[in-house]
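Numbering (the working numbering), first residue to last: 1 to 41. Accompanying notes for the structure given below.
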């Protein structure tokens, strides 16, 4: 969570507008796209 807060407080985040920023320790990135459909049902 700390790295997300640091990023959002930095100048690099100035282009972020209305995004869902998952802070899940990389779980979403490690999940195959085919499994996402099953997780959201």
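A virtual CB, placed ideally from N, CA and C, is assigned to each residue, including glycine.
Alpha-carbon spacing of residue i relative to residue j, whole angstroms
| i | j | result |
| --- | --- | --- |
| residue 1 | residue 18 | 18 Å |
| residue 10 | residue 23 | 17 Å |
| residue 31 | residue 15 | 26 Å |
Cβ neighbours of residue i in the same chain (closer than 8 Å, five flanking residues each side left out)
| i | result |
| --- | --- |
| residue 4 | 21 and 23 |
Neighbourhood of residue i by C-beta distance below 7 Å, restricted to the same chain and skipping five residues each side
| i | result |
| --- | --- |
| residue 7 | 13 |
Three-state secondary structure assigned by DSSP to residue i
| i | result |
| --- | --- |
| residue 130 | Beyond the ends of the chain as shown, which are 1 and 41, falls residue 130; an answer cannot be given. |
| residue 6 | helix |
Cutoff 6 Å; reference residue i; Cβ partners in own chain excluding five residues on either side
| i | result |
| --- | --- |
| residue 28 | 22 |
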